[in-house]
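Protein chains in written order, with my numbering: chain A, 5 to 571; chain B, 5 to 571.
No residue lacks a Cβ here, since even glycine has one placed at the ideal position from N, Cα and C.
This structure is a prediction, so every number in the text was calculated from the model and none was measured.
Protein chains: 2
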Amino acid sequence: QRQDIWPFPPKEEDPYSMEGIPEDLNYELQMKDGIVNVYDDAEALEQQRPHNLPYPDLETFAIDLSHVLAMIADGPTKTYCHRRLNFLASKFYLHEMMNEMAELKELKCVPHRDFYNVRKVDTHIHAAACMNQKHLLKFIKTTYQEEADRTVLEKGGKTFKLKEVFHKLDMDPYDLTVDSLDVHAGRQTFHRFDKFNSKYNPVGASELREIYLKSDNYIKGDYFARLVKEVSKELEESKYQHAEPRLSIYGRSPGEWESLATWFIQHKVHSPNMRWMIQVPRIYDIFKSKKQFTNYAKMLQNIFLPLFEATVNPRNMICVLFFVDDESKHSDHMFSYKSPKPEAWTTDDNPPYTYYLFYMYANIMVLNNLRKERGLNTFQFRPHCGEAGSVTHLVSAFLTADNISHGLNLKKSPVLQYLYYLAQVPIAMSPLSNNSLFLQYSKNPLREFLQKGLCVSLSTDDPMQFHYTKVREALMEEYAIAAQLWKLSTCDLCEIARNSVLQSGLSHQEKKRFIGPNYLQGGPQGNDIRRTNVAQIRMAYRHETLCNELSFLVDAVKTDVATNPPE
Amino acid sequence: QRQDIWPFPPKEEDPYSMEGIPEDLNYELQMKDGIVNVYDDAEALEQQRPHNLPYPDLETFAIDLSHVLAMIADGPTKTYCHRRLNFLASKFYLHEMMNEMAELKELKCVPHRDFYNVRKVDTHIHAAACMNQKHLLKFIKTTYQEEADRTVLEKGGKTFKLKEVFHKLDMDPYDLTVDSLDVHAGRQTFHRFDKFNSKYNPVGASELREIYLKSDNYIKGDYFARLVKEVSKELEESKYQHAEPRLSIYGRSPGEWESLATWFIQHKVHSPNMRWMIQVPRIYDIFKSKKQFTNYAKMLQNIFLPLFEATVNPRNMICVLFFVDDESKHSDHMFSYKSPKPEAWTTDDNPPYTYYLFYMYANIMVLNNLRKERGLNTFQFRPHCGEAGSVTHLVSAFLTADNISHGLNLKKSPVLQYLYYLAQVPIAMSPLSNNSLFLQYSKNPLREFLQKGLCVSLSTDDPMQFHYTKVREALMEEYAIAAQLWKLSTCDLCEIARNSVLQSGLSHQEKKRFIGPNYLQGGPQGNDIRRTNVAQIRMAYRHETLCNELSFLVDAVKTDVATNPPE
Numbered sequence: 005q006r007q008d009i010w011p012f013p014p015k016e017e018d019p020y021s022m023e024g025i026p027e028d029l030n031y032e033l034q035m036k037d038g039i040v041n042v043y044d045d046a047e048a049l050e051q052q053r054p055h056n057l058p059y060p061d062l063e064t065f066a067i068d069l070s071h072v073l074a075m076i077a078d079g080p081t082k083t084y085c086h087r088r089l090n091f092l093a094s095k096f097y098l099h100e101m102m103n104e105m106a107e108l109k110e111l112k113c114v115p116h117r118d119f120y121n122v123r124k125v126d127t128h129i130h131a132a133a134c135m136n137q138k139h140l141l142k143f144i145k146t147t148y149q150e151e152a153d154r155t156v157l158e159k160g161g162k163t164f165k166l167k168e169v170f171h172k173l174d175m176d177p178y179d180l181t182v183d184s185l186d187v188h189a190g191r192q193t194f195h196r197f198d199k200f201n202s203k204y205n206p207v208g209a210s211e212l213r214e215i216y217l218k219s220d221n222y223i224k225g226d227y228f229a230r231l232v233k234e235v236s237k238e239l240e241e242s243k244y245q246h247a248e249p250r251l252s253i254y255g256r257s258p259g260e261w262e263s264l265a266t267w268f269i270q271h272k273v274h275s276p277n278m279r280w281m282i283q284v285p286r287i288y289d290i291f292k293s294k295k296q297f298t299n300y301a302k303m304l305q306n307i308f309l310p311l312f313e314a315t316v317n318p319r320n321m322i323c324v325l326f327f328v329d330d331e332s333k334h335s336d337h338m339f340s341y342k343s344p345k346p347e348a349w350t351t352d353d354n355p356p357y358t359y360y361l362f363y364m365y366a367n368i369m370v371l372n373n374l375r376k377e378r379g380l381n382t383f384q385f386r387p388h389c390g391e392a393g394s395v396t397h398l399v400s401a402f403l404t405a406d407n408i409s410h411g412l413n414l415k416k417s418p419v420l421q422y423l424y425y426l427a428q429v430p431i432a433m434s435p436l437s438n439n440s441l442f443l444q445y446s447k448n449p450l451r452e453f454l455q456k457g458l459c460v461s462l463s464t465d466d467p468m469q470f471h472y473t474k475v476r477e478a479l480m481e482e483y484a485i486a487a488q489l490w491k492l493s494t495c496d497l498c499e500i501a502r503n504s505v506l507q508s509g510l511s512h513q514e515k516k517r518f519i520g521p522n523y524l525q526g527g528p529q530g531n532d533i534r535r536t537n538v539a540q541i542r543m544a545y546r547h548e549t550l551c552n553e554l555s556f557l558v559d560a561v562k563t564d565v566a567t568n569p570p571e
Numbered sequence: 005q006r007q008d009i010w011p012f013p014p015k016e017e018d019p020y021s022m023e024g025i026p027e028d029l030n031y032e033l034q035m036k037d038g039i040v041n042v043y044d045d046a047e048a049l050e051q052q053r054p055h056n057l058p059y060p061d062l063e064t065f066a067i068d069l070s071h072v073l074a075m076i077a078d079g080p081t082k083t084y085c086h087r088r089l090n091f092l093a094s095k096f097y098l099h100e101m102m103n104e105m106a107e108l109k110e111l112k113c114v115p116h117r118d119f120y121n122v123r124k125v126d127t128h129i130h131a132a133a134c135m136n137q138k139h140l141l142k143f144i145k146t147t148y149q150e151e152a153d154r155t156v157l158e159k160g161g162k163t164f165k166l167k168e169v170f171h172k173l174d175m176d177p178y179d180l181t182v183d184s185l186d187v188h189a190g191r192q193t194f195h196r197f198d199k200f201n202s203k204y205n206p207v208g209a210s211e212l213r214e215i216y217l218k219s220d221n222y223i224k225g226d227y228f229a230r231l232v233k234e235v236s237k238e239l240e241e242s243k244y245q246h247a248e249p250r251l252s253i254y255g256r257s258p259g260e261w262e263s264l265a266t267w268f269i270q271h272k273v274h275s276p277n278m279r280w281m282i283q284v285p286r287i288y289d290i291f292k293s294k295k296q297f298t299n300y301a302k303m304l305q306n307i308f309l310p311l312f313e314a315t316v317n318p319r320n321m322i323c324v325l326f327f328v329d330d331e332s333k334h335s336d337h338m339f340s341y342k343s344p345k346p347e348a349w350t351t352d353d354n355p356p357y358t359y360y361l362f363y364m365y366a367n368i369m370v371l372n373n374l375r376k377e378r379g380l381n382t383f384q385f386r387p388h389c390g391e392a393g394s395v396t397h398l399v400s401a402f403l404t405a406d407n408i409s410h411g412l413n414l415k416k417s418p419v420l421q422y423l424y425y426l427a428q429v430p431i432a433m434s435p436l437s438n439n440s441l442f443l444q445y446s447k448n449p450l451r452e453f454l455q456k457g458l459c460v461s462l463s464t465d466d467p468m469q470f471h472y473t474k475v476r477e478a479l480m481e482e483y484a485i486a487a488q489l490w491k492l493s494t495c496d497l498c499e500i501a502r503n504s505v506l507q508s509g510l511s512h513q514e515k516k517r518f519i520g521p522n523y524l525q526g527g528p529q530g531n532d533i534r535r536t537n538v539a540q541i542r543m544a545y546r547h548e549t550l551c552n553e554l555s556f557l558v559d560a561v562k563t564d565v566a567t568n569p570p571e
């Protein structure tokens, strides 16, 4: 079910080329019950005959949801999954004892490929924090030295030059340090997501965030684009590192997409080592209380209609992924199939996590079906999930997401953990971020997940807040710390790197190039050891183990059916 | 008692200049009871009237040693020290709770100085492993590409070209990877110092170690010098990082010093960001069994006579520090003042750790006294200690060393830990090295030592074996991991960095420049916050706490004397 995300393999000569993009159509679009309906023409719209683009209806989803919810609470199922997971962990331990040296030997024989030159994708990184703190500091100093007289900010109808901004803040950028910049997470941010969020404001000043870390501001996101391009240049030089930076679409107004696309194209932000993702912060309540719209459906419209329009009239589109953010917020409302439809969600309260997820997912599915029909790329859905908040979030994501970020809470539910294993739902983990925000490094389940065979990758989340070494080294810092603390072998590290490519939004072509032409096949057949540096012994172990678990289940079902035939 | 180590502040224009070096003398040198005696002239030698250069005699040392040994085993003293250490830890915890934000605020107000641009010294790093594995790999590939026809090795009377060496090893350097290079420590090296030592051989081939990592070989150490200079160039570019790489003198033959000095001077290895240390591996037994000398005194002669000669006739000297290595080896012999004198140590057995330490120390002390008299720099004595082996090693080092490397075993003795605190004996710790060899990271006592106020610094030990990030970033990797795992504050990090400068062999001038003109004074007076970025609140806390502990002891002694007057 994994899909390419870049609409066409990016052309090295001109990634912004319109070549090969299909013609515009006269389709009509209309949102109904929170989901975009597509009509072939005005007549079809009038007769309410939508184009056939299947998506799971709310009721089916609600039934599936309650099914899995019942399962994770069921005693015998819990025991079963718990025992299977323990079995998987012990089995890996045995595998390691028996085959560690053989794996190492295999890797030693691979010419020219080692951990340093296998491809690694930073699968979870926020664009506004993709540079490290020292980088941002230097950039601010440079702009002040060279462009102090540039008008950079508009506030309350007045414009300000860069030097005026700093003057107002009573600050000389020459004296600015990493300490006074104060964007790095520390002991103060642990279990304080609010304090962490305010770290996005350099020197605690929202003006500087506006000037340097926004794409839609008085200087048309010039500084932000330059920062991002400096990061992508580093990545290109490193050659083997890729990143999937996340930019925000809030759903506040229908113009957001166009503004973001303009920024992207005008500043030529494209880089072969970057794939872009869109994050949708879960802050309906804030916009609603500011009366920016009247109901939840309006927010969905702002997010999705432009995407459908771009699919119908694709001559002016940019390319994205989907994503929901900030799951730690609590909602009083309990999601069910009786929940008010988005058009009827008019209270100031934020809808629950599952509600967000369902409507994102349903719309993306309609959209992907339309895009497939039109020969365009499709999008992945990769929400933040299991970082904080209720375990049930992981149930909703299990039913909807292509992969998730964090997944810490799988620790708490053996049934879900086993399901994520069986379905090989990829998990982009960021133990250093967790360490600053939610969970001590030594308690992070990444190593345990890896041993059991869950499809985990390593990612940085926010180098600006969490890392010490340079941009290009932030992902290396993440790998190095995991390797040191958990005594991971080279094979372990390369398996994580391979997972990161597998679960990334890189194109099918790129994945073939980076991890092997048959990468979609399981086991050693799918692994080109000369590209991945993952031992075939390991690949065989993973494949056999997964097949065993699956056939074990199938057998159990068969036996069950034989002894208790359905009436 | 800390001393400068470079003989004269190195002249930027010509660090190899002989300007200001005193004239040669006609002194006579003779080793007696394992200690070098200096005579003013031949007549004085004949009459056995040595120059007055005091050193602690063996008996005094043995008495002091047994005194401290009795102390660390004494029940009441153990209880007392244990309680004081607990008090220190709790007191720091309170300090942190009360003053953390105030310290941070102080640091935010320091213009232009943050953790990234305070000076840091890598206080413990072996020259033969000072590059990272990737760096060595690239270097090997480059030499093969450019100099395959160069004759690089002599073995068994035959010479070999570089391509012949690789051909003999059945290896194409193009295919070489970090995996096949196999110099990185892994799970296999934990508690296996022997396996660790063999990691110094690239591809397991001692030939490659000989060619690339030795200063005295067929190519006169050309490759090793180039590697080291690449590392020092990186350090110079980083500006704020220094290192104290360690080179070996084995004491096998009297010519070793000259050979090393020639290598150093001919290849112009000097760098303003490096201070050199000499390590003396504790492998008397190996040379003895190969019949390279007849007794231990000969080994001491090989090590020390050239240094005395260079002090007497200094026009051709290089500049060094001392250091004993590899303490994990067990010795059957028990050190006492009745131990055979070095001239009488003729067995094949290795002398015990304390025996090595005493004779190193006594000779260095004589040497330093002579050098002081001549207006030359003096040397520090900085042994490996408390990494493995008996706790008593720490007793010997307490009596003799300027500072120690590792010190892990202080965990095991509250009395020694308290003594090291009271005397502020600096400790260069390397938790990542320990993590690969002797002690899991999470159990490393560094954080606890720092909290209690012991003078600890961070060092890399062997980037080639332990680190993942680039050369310049290896020390940063060390700091980053400590910061992440132990949630160290910026003030903590900068305190460790300040400690590293303090305990390093940098000159008095450099220390004044890097940490403040009054750095020898305790407390805030000695701290220039604009250079160190250590909060004055922290400095005051450390100073007051130490003064309190000391006066507490003094008072106790007074009371004791008052109630139990000496008879």
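Determine, using beta carbons only, whether residue i comes closer than 9 Å to chain D.
i, result
"B:K159", "Of the chains in the structure shown, none is chain D; the protein chains are A and B."
Indicate whether at least one CB of chain A lies closer than 9 Å to the CB of residue i.
i, result
"B:Q488", "yes"
"B:D176", "yes"
"B:D37", "no"
"B:N320", "Summary for B:N320: the model assigns pLDDT 46, below 50, so the residue's position carries little reliability, and this model does not support an answer."
"B:L212", "no"
With a threshold of 9 Å between beta-carbons, can residue i be considered close to chain B, or not?
i, result
"A:L392", "It should be noted that the sequence gives Ala, not Leu, for residue 392 of chain A. No, no contact with chain B."
Leaving aside the five residues before and after residue i along the sequence, list all residues of the same chain whose C-beta is less than 6 Å from its C-beta, in chain order.
i, result
"A:D220", "S263"
"B:F96", "Q455"
Nearest-angstrom Cα distance between residue i and residue j?
i, j, result
"A:K138", "A:K474", "8 Å"
"A:S434", "A:T464", "6 Å"
"A:E248", "B:P528", "47 Å"
"B:L166", "B:V156", "6 Å"
"A:V42", "A:V370", "9 Å"
Against residue i, what residues of chain B qualify as contacts under a CB-to-CB distance less than 8 Å, listed in chain order?
i, result
"A:A484", "H471, Y472, T473, E481 and I485"
"A:L462", "What A:L462 touches in chain B: nothing, since even the nearest Cβ is about 12 Å away."
At 9 Å on the CB atoms, spell out the chain A contacts of residue i, in chain order.
i, result
"B:S184", "L111, K112, C113, V114, P115 and D118"
Who are the Cβ neighbours of residue i in its own chain at under 8 Å, not counting the five residues just before and after it?
i, result
"B:S340", "A66"
"B:K145", "P177, Y178 and L180"
Which chain A residues are close to residue i, counting only those with a beta carbon under 8 Å from its beta carbon?
i, result
"B:L436", "Q488"
Using a cut-off of 7 Å between C-beta atoms, extract the partners of residue i located in chain B.
i, result
"A:Y445", "Q488 and L489"
"A:K138", "Y120"
Near residue i, what residues of its chain come up, given a Cβ to Cβ distance below 7 Å and the 5 sequence neighbours on each side ignored?
i, result
"B:L423", "F402"
"A:V419", "M75, I76, T81, K82 and C85"
"A:L497", "F119, Y483 and A487"
In the DSSP output, what is residue i paired with across the bridge?
i, result
"A:M35", "A:V40"
"A:M278", "A:A247"
"B:L361", "None, per the DSSP bridge assignment."
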